[in-house]
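Trainee: Got a structure for you, questions after.
Residue numbers (this note's numbering): 8 to 389.
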């Protein structure tokens, strides 16, 4: 398995990282089980198989699988496997209500993971609200302390907001790594390619999440996109194309994949093992752009989710509705989008709440016909 240097950590880790947010689940009731919904036997077997095949980066978090993922990972890394990996977990910023919570949460995580240290500790899902909270409670002395006493070898953050905030966070502290969402569809989304390069230039290791956009770039591939991949001189799966696109960036240190089948582990290892900088040819780059354009052409509403339309006077979640509408249209995930939209209906944030005051349309920089687009979205999602 190909290995790369991970920023200021000074270590080399496998380019493929095992994301423990989507572990295999049990079919029956999970109530009362030590590992909740997780299929313990299968998950442990998969994690250990991945390590045996050369995967050395394990990523989990406090909240994954109903706070059971860390427990499972700790179990999987027994019997000598802990010493073979770089283990990462994350601080749930939204659960912090005092400075004392930093130490309390971290100690609990180490206990669950059955270890005296983690190799990477991240502030989880930083956005404007979570970042404000971390500054309010002054998280930095805690981060310095756990690094100084060896309980965390590297310090970083994962990110879910806009590029200006990302740059502010990068420049605010002596981080070792950062974790961002990036794939060939999201080059300008959140931190994007620009943010990745900004952080890398400052010495941060780059950890990529959502390389397949939650599986959307690998599952239920439209025949038109498959026809594009079939034009390539070397035949690869849709997942392999997306992973190799990331491996082509020299800045990328780890690509996380939420694998829950042995076949996925093997496929992802093959895809990234020789995905070195410069591996994508000019012809292949054109094919990837064609696939991206096909998906973009299926966009239902040209909403950039800038949120200039907010706040809506009656609480309609306009950007969220358009996001769900577009996801269903672009990737064919209608059932998933319908489920999320039903939750907006329960909270009275759906399109039927709109009173057609028109304030959103006067503020929209894309000049969208928001009122009609909301009606179309509602019709599609119900």
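All residues carry an ideal CB built from backbone N, CA and C; glycine is no exception.
Predicted model, so just to flag it, every value in this text is computed and none were measured.
Provide the residue(s) that pair with residue 21 in DSSP beta bridges, ordered along the chain.
Mentor: 10
Trainee: Give me the Cβ distance between residue 351 and residue 328, rounded to the nearest whole Å; I'm assuming they're in contact under 8 Å.
Mentor: 7 Å
Trainee: Return yes when the Cβ of residue 100 is within less than 8 Å of the Cβ of residue 133, no when it is not.
Mentor: yes
Trainee: Excluding five sequence neighbours on each side, which residues of the same chain lie with their C-beta closer than 8 Å to the C-beta of residue 204?
Mentor: These residues qualify, in order along the chain: 258.
Trainee: Looking at the secondary structure, which residues open and close the alpha helix (DSSP H) in which residue 238 lies?
Mentor: Where residue 238 is concerned, there is no enclosing alpha helix (DSSP H), given that its DSSP letter is neither H nor E.
Trainee: How would you label residue 191, buried or exposed, when you count the other beta carbons within 10 angstroms and need 16 or more for buried?
Mentor: buried
Trainee: Residue 81 and residue 120 look like a contact to me (Cβ under 8 Å); what is the Cβ gap, rounded to whole Å?
Mentor: 4 Å
Trainee: Whose CA, out of 20, 149, 334 and 42, lies closest to the CA of residue 106?
Mentor: 149
Trainee: Quick one: grab the DSSP three-state call for residue 186.
Mentor: strand
Trainee: Need the endpoints of the alpha helix (DSSP H) that residue 96 sits in, please.
Mentor: Counting along the chain, residue 96 falls outside any alpha helix (DSSP H), though it belongs to the beta strand (DSSP E) covering 93-98.
Trainee: How many angstroms separate the CA atom of residue 365 from the CA atom of residue 129?
Mentor: 42 Å
Trainee: On the CB-based measure, 16 or more other CB atoms within 10 Å of its CB, does residue 362 come out buried or exposed?
Mentor: Per the 10 Å Cβ criterion, exposed.
Trainee: Out of curiosity, what's the CA-to-CA distance linking residue 38 and residue 294?
Mentor: 47 Å
Trainee: Any chance you could list the alpha helix (DSSP H) runs of at least 4 consecutive residues sitting entirely within the stretch 32-62, in chain order?
Mentor: 47-59
Trainee: Using only the alpha-carbon positions, how far apart do residue 345 and residue 181 sit?
Mentor: 42 Å
Trainee: Round the Cβ separation of residue 27 and residue 66 to the nearest angstrom and send it over; I've been treating them as touching at under 8 Å.
Mentor: 6 Å
Trainee: Mind reading off the beta-carbon distance from residue 21 to residue 61? Whole number of angstroms is fine, and I expect it under 8 Å.
Mentor: Correct: roughly 6 Å between the Cβ atoms.
Trainee: Would you please state the rounded distance, in angstroms, between the beta carbons of residue 260 and residue 12? I believe it to be under 8 Å.
Mentor: 7 Å
Trainee: Considering only residues of the same chain and omitting the five flanking positions on each side of residue 375, which have a CB-CB separation below 6 Å?
Mentor: none
Trainee: Of the choices 286, 131 and 211, whose alpha-carbon is the least far from that of residue 95?
Mentor: Answer by Cα proximity: 131.
Trainee: Ends of the beta strand (DSSP E) at residue 131?
Mentor: 125-133
Trainee: Tell me the rounded alpha-carbon separation between residue 212 and residue 201.
Mentor: Cα to Cα, residue 212 sits roughly 15 Å from residue 201.
Trainee: Quick one: residues in its chain with C-beta nearer than 7 Å to the C-beta of residue 147, no 5 flanking neighbours on either side, listed in chain order?
Mentor: 180
Trainee: Contact between the stretch 299-317 and the stretch 325-341 is defined here as three or more beta-carbon pairs at a separation below 8 Å; is this criterion met?
Mentor: yes
Trainee: How would you call residue 369, buried or exposed, if buried means at least 16 neighbouring beta carbons within 10 angstroms?
Mentor: exposed
Trainee: Touching or not, the stretch 276-295 and the stretch 313-329, by the rule of three or more beta carbon pairs under 8 Å?
Mentor: no
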